[in-house]
Structures are given as C-alpha cells and as structure tokens.
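Residue numbers (our numbering), protein chains in the order written: chain A, 1 to 118; chain B, 1 to 110.
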Amino acid sequence: GAVVSQHPSRVICKSGTSVKIECRSLDFQATTMFWYRQFPKQSLMLMATSNEGSKATYEQGVEKDKFLINHASLTLSTLTVTSAHPEDSSFYICSARATSRPSLYEQYFGPGTRLTVT
Amino acid sequence: GESVGLHLPTLSVQEGDNSIINCAYSNSASDYFIWYKQESGKGPQFIIDIRSNMDKRQGQRVTVLLNKTVKHLSLQIAATQPGDSAVYFCAETSWGKLQFGAGTQVVVTP
C-alpha cells in the first residue's frame, strides 16, 4: 500500500515551453502533497506544500508564477513548470501524506520526474 | 538558518562489514527524524524513523541512534550488502515539513 506515482518519469522540453508533471496517490487519499526539487549530487529541497482544494504554500525563493501547483482531487496534484529554462532542468519528486493517517510525519514518495530543458 | 548536515559525503564499505552514517542537525525544535535511501534516478525510500523522546530504534539490519545532547543522528547498517549501495539522507521534521540533510553516498565494495 501507500504507492505514489509520477508521470512522466522523464521529459525533455524546449526552452520557453511549459511542462506538466502529475503526482498520484494510487491506493490512498492524500489531502496534502509536497513537491521537491533535486539537483545532481544534491539533497531534496522542498518547493511547496499542496493542499487539496486550496492554494499551495510555496517555500521562500520559489516562484509561484513559474511553478504552478494544482491539487484538484484527493489523489492528484500537478506541477506545471511554465516558460521553462535550462536552469529548471532537475529531478522533481512529489510526496503525499495519507488523509487516513493524520500524523504530520508520514510522507510517501513518488519515483521522481527527470526534466531536461534544451 | 538552521539546517541538517552530514559529516561524510562518501562512505566506502566492504561487503559484510557494518556501515555507520552520521548526521548533525541544528534545529532543536525538531521532534522526528527519518533516514531515507535513494538509489540513482529514484525517489527516496523510507528506512527507519525515530522520535525525539527515544535514543535508539532498531529495524531489520538497521539501527538509528539519536543523541539530542550533541544533536547527532546516526544510521548503522549491519552486514552491508551490495544492494545497500545508494545515497542516504537524514531528514528532520517539525510542523510536518521535512528538511533533508546533504546526503552520504555509500559504496559497497566486494
């Protein structure tokens, strides 16, 4: 149980275009999902917290207009990288907190999406 | 600001030996700590966790030790296997957000 999927696993896009990444909780409902970014050989950096039915909360330094987050259902959150630039190339990872497990601590991670902007 | 950090970026371990991965944290308000394993191109995989009211917790082949006095966390892996080769992250959490340390690359040699 507690499986989180991401789609696509890899994407290549041209500079200036937008790309959408989906994060799904497959066997549980997730009121809260998190989006992380990871550069090569570096740690995960929290970008934003996504709550179903409300606006996402962005971490300091993360541009909300560039990284659009939508959490329209209890099993799906999307991250759209708008007007992508090569410096946006990174590994994007989502995690989900199960609604039925209200512990603040349990997060289930997706497999990540490798974004390459050319 | 406060952060979670690791002492060793790379740890080379011979197969069958025990591994010890260290982590220093600075946020005294953190009340829950987690170790994750991340293989190349994959998401983090939960290994073991520990709450701040404990100083030791054991799992299958893994043990986490927490020393709140010096704000130090460690992960011990017994009888390290080739499949243990990965990057290991400690993470601390307060108010539901995870803050990850820098990571340690563990390389298991035959």
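Backbone N, C-alpha and C define an ideal beta-carbon position, used for all residues, glycine too.
Query                                                                                                                             : Result
Span of the beta strand (DSSP E), counted from its first residue to its last, around Ser-95 (chain A)                             : 90-98
For Lys-97 (chain B), the first and last residue of its enclosing beta strand (DSSP E)                                            : 97-100
Proximity test, Cβ basis, 9 angstroms: Phe-135 (chain A) and chain B                                                              : No information on residue 135 (chain A) is available, as it lies outside the stretch 1 to 118 that chain A covers here.
Short CB-CB distance (under 9 angstroms) between Val-117 (chain A) and chain B                                                    : no
Within-9 angstroms CB hit, Gln-42 (chain A) to chain B                                                                            : yes
Within chain B, partners of Gly-110 (chain A) - CB distance below 7 angstroms                                                     : Gly-43
Other residues of its chain near Asn-18 (chain B): CB distance less than 8 angstroms, five sequence neighbours each side excluded : Gln-76, Ile-77, Ala-78, Ala-79, Thr-80
Below-9 angstroms beta-carbon distance, Thr-78 (chain A) vs any chain B residue                                                   : no
Spatial distance of Glu-2 (chain B) from Gly-96 (chain B) (CA atoms)                                                              : Confidence in Glu-2 (chain B) is poor, its pLDDT being 40 and thus under 50, which makes the residue's placement too unreliable to answer from.
The region 60-68 of chain B / the region 38-46 of chain B touching (three or more Cβ pairs under 8 angstroms)                     : no
9 angstroms Cβ cutoff, Gly-96 (chain B) in contact with chain A                                                                   : yes
Three-state secondary structure assigned by DSSP to Glu-39 (chain B)                                                              : coil
Where Asp-49 (chain B) falls: helix, strand or coil (DSSP)                                                                        : strand
Secondary structure of Glu-87 (chain A), DSSP reduced to three states                                                             : helix
When A:Thr-113, A:Thr-118, A:Val-117 are compared against Glu-22 (chain A), the one with the closest alpha-carbon                 : A:Thr-113
Cα-Cα separation between Arg-57 (chain B) and Pro-82 (chain B), rounded to whole angstroms                                        : 23 angstroms
N-terminal and C-terminal residue of the beta strand (DSSP E) that Arg-61 (chain B) is part of                                    : First-last for Arg-61 (chain B): undefined, no H or E at that position.
Of the listed residues A:Ser-15, A:Arg-10, A:Val-19, A:Tyr-58, nearest to Phe-81 (chain A) (C-alpha basis)                        : The sequence shown places Val at residue 81 (chain A), rather than the Phe named in the question. Among A:Ser-15, A:Arg-10, A:Val-19, A:Tyr-58, the Cα nearest to that of Val-81 (chain A) belongs to A:Val-19.
At least three beta-carbon pairs within less than 8 angstroms, the region 23-36 of chain A to the region 67-85 of chain A         : yes
Selected residue, minimal CA-CA separation from Ser-54 (chain B), among B:Glu-39, B:Ser-40, B:Leu-73                              : Here residue 54 (chain B) turns out to be Met, not Ser, going by the sequence shown. With distances taken between Cα atoms, Met-54 (chain B) lies closest to B:Leu-73.
Length of the line joining the Cα atoms of Tyr-119 (chain B) and Ser-5 (chain A)                                                  : Given that chain B is displayed from residue 1 to residue 110, the structure contains no residue 119 (chain B) and the question cannot be resolved.
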